[in-house]
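Residue numbers (this note's numbering): -2 to 187.
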């Protein structure tokens, strides 16, 4: 299976494009990546032996305390930001509506170590910076335990960050995506 994100990058001609443009491109060119299983089978993501702060990852996750949670995402799209005993803290972008995802990713990409986004680009953020970004980080800050990651980590190529946030591959248990988005908006605005 060919990587549709290569076509999206070619179509952008390395120009800045609107959120709507990326969303349309993903709907047209990556429509076959619409479930977690399809994402893991695709050529889009690279298996990574471990995570690094400043990169973006997908993986299957089975929360330890899921019975206590009102809902959770079993296929998070995460920007790790801090290691912790037995795991790490990360921003699961799936908790944010698409526009808020794009806005937050845009702010974080301003911290990138390269002006031109390439294969080795990393975002340089930490908890202090994330707190100063605004309330939009609140709904997506999660702690992940390494023992509850049930697949390999799938690293997103930095050149594909903008397109990946629009893939419909979240897998919420206990609530619909619309309910999660509504709760997140309330948390951000409340």
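Glycine is no exception: its CB is placed at the ideal position from the N, C-alpha and C atoms.
In the DSSP assignment, find the unbroken alpha helix (DSSP H) run with residue i in it and report its ends.
{"i": "residue 231", "result": "Nothing can be reported for residue 231, as the shown portion of the chain is limited to -2 through 187."}
{"i": "residue 87", "result": "First-last for residue 87: 84 to 89, but that is the beta strand (DSSP E), not the alpha helix (DSSP H)."}
{"i": "residue 134", "result": "It is not in any alpha helix (DSSP H) - residue 134 carries neither H nor E in the DSSP assignment."}
{"i": "residue 116", "result": "Here residue 116 belongs to no alpha helix (DSSP H), and DSSP marks it neither H nor E."}
{"i": "residue 104", "result": "95 to 106"}
{"i": "residue 181", "result": "174 to 186"}
{"i": "residue 160", "result": "158 to 161"}
With a threshold of 7 Å between beta carbons, is residue i in contact with chain B?
{"i": "residue 146", "result": "The chain labelled as chain B is not found in the depicted structure, where only one protein chain is given."}
CB-CB under 7 Å to residue i, same chain, minus the five flanking residues each way: which ones, in chain order?
{"i": "residue -2", "result": "Note on residue -2: pLDDT 45, under 50, position unreliable in the model; the coordinate value appears next. Cβ within range, chain order: 39 and 40."}
{"i": "residue 35", "result": "29"}
{"i": "residue 46", "result": "none"}
{"i": "residue 22", "result": "5, 8 and 160"}
{"i": "residue 167", "result": "70, 72, 91 and 174"}
{"i": "residue 111", "result": "118"}
{"i": "residue 63", "result": "69"}
{"i": "residue 89", "result": "70, 73, 74, 75, 137 and 139"}
Per DSSP, which residues does residue i bridge with? Please list them.
{"i": "residue 70", "result": "169"}
{"i": "residue 244", "result": "For residue 244 there is no data in the structure shown, the boundaries of the chain being -2 and 187."}
{"i": "residue 146", "result": "58"}
{"i": "residue 53", "result": "153"}
{"i": "residue 75", "result": "54 and 89"}
{"i": "residue 140", "result": "86"}
{"i": "residue 81", "result": "84"}
Might you give, ordered along the chain, the residues of its own chain that have their beta carbon closer than 8 Å to the beta carbon of residue i, omitting 5 neighbours on each side?
{"i": "residue 124", "result": "78, 79 and 86"}
{"i": "residue 93", "result": "101, 133, 136, 137, 178 and 181"}
{"i": "residue 24", "result": "163"}
{"i": "residue 186", "result": "132"}
{"i": "residue 148", "result": "37, 56 and 57"}
{"i": "residue 151", "result": "36, 37, 42, 43, 44, 45, 54, 55 and 56"}
{"i": "residue 184", "result": "132, 135 and 136"}
Among the residues of its own chain, which have a CB less than 6 Å from the CB of residue i, if the five just before and after it don't count?
{"i": "residue 105", "result": "120 and 122"}
Just tell me which of the options has its CA closest to the CA of residue i.
{"i": "residue 74", "options": "65, 81 and 42", "result": "42"}
{"i": "residue 31", "options": "181, 163 and 172", "result": "163"}
{"i": "residue 156", "options": "109, 96 and 58", "result": "109"}
{"i": "residue 57", "options": "115, 49, 169 and 51", "result": "169"}
{"i": "residue 52", "options": "159, 182, 177 and 173", "result": "159"}
{"i": "residue 55", "options": "82, 68 and 141", "result": "141"}
{"i": "residue 174", "options": "49, 70 and 15", "result": "70"}
{"i": "residue 60", "options": "33, 145, 114 and 103", "result": "145"}
{"i": "residue 17", "options": "91, 72 and 99", "result": "99"}
{"i": "residue 154", "options": "66, 48 and 116", "result": "116"}
{"i": "residue 176", "options": "48, 33, 67 and 126", "result": "67"}
{"i": "residue 19", "options": "126, 103 and 63", "result": "103"}
{"i": "residue 50", "options": "183, 172 and 84", "result": "84"}
{"i": "residue 33", "options": "165, 129 and 76", "result": "165"}
Ends of the beta strand (DSSP E) at residue i?
{"i": "residue 44", "result": "43 to 45"}
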